[in-house]
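> Here UniProt numbering is used: the first residue of the sequence shown is 1, the next is one more, and so on.
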Amino acid sequence: MEFVIDLTTSWRKHDAVWIIVDRLTKSAHFLPMYILDTFTQLSLLYRREVARLFGVSLMIVSDRDVQYTSGLWQSMQEQLDTQLHFNTIFHPQVDGQIERLIYVSEDMLMACVLVF
1 MEFVIDLTTS WRKHDAVWII VDRLTKSAHF LPMYILDTFT QLSLLYRREV
51 ARLFGVSLMI VSDRDVQYTS GLWQSMQEQL DTQLHFNTIF HPQVDGQIER
101 LIYVSEDMLM ACVLVF
């Protein structure tokens with residue numbers, strides 16, 4: 001899971017993207033969001049867009065960003081009965097896939113913006 005923020009505002013006023021990667025199936029979900037979305041809104045977005053399709057993940061691997069180490073995020077993990085595992089910084093086996101996906105998605109977004 002990763003957040004890409006400070007994007008150009010879309011016509012629906014979204015200014016960030018929440019990227020969720022399933023490492024087993026190699027599928028990715030790009031969820032448009034607002035940078036000021038609350039924890040409750042993110043939780044609803046996750047359930048509506050990801051959990052309804054695949055069910056709730058048993059384990060989530062993420063970096064040690066403040067968004068994930070906060071008590072609110074941990075309480076969501078308890079509610080959904082999932083485990084949140086933190087990877088180490090600059091650990092290519094864990095974060096390489098998501099980082100590469102972010103670079104590719106940013107390139108795709110830039111190409112779309114330049115075309116229109």
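Just so you know, even glycine gets a beta-carbon here, dropped at the ideal spot from N, CA and C.
#1: Let me confirm a value: residue 42 is counted as buried when at least 16 other C-beta atoms fall within 10 Å, else exposed. Which label applies?
#2: Quick one: is residue 46 buried, meaning 16 or more other Cβ sit within 10 Å of its Cβ, or exposed?
#3: Could you give the DSSP three-state label for residue 1: helix, strand or coil?
#4: If you drop the 5 nearest sequence neighbours on each side, which residues of the same chain put their C-beta closer than 6 Å to that of residue 23?
#5: Just to confirm, is the Cβ distance from residue 34 to residue 15 under 8 Å?
#6: What separation, rounded to the nearest whole angstrom, lies between the Cα atoms of residue 116 and residue 81?
Looking at the atomic coordinates:
#1: buried
#2: buried
#3: coil
#4: none
#5: yes
#6: Low confidence applies to residue 116: its pLDDT is 44, below 50, so where it sits in the model is not reliable, and the reading given next is rough at best. If I take the Cα positions, the gap works out to 43 Å.
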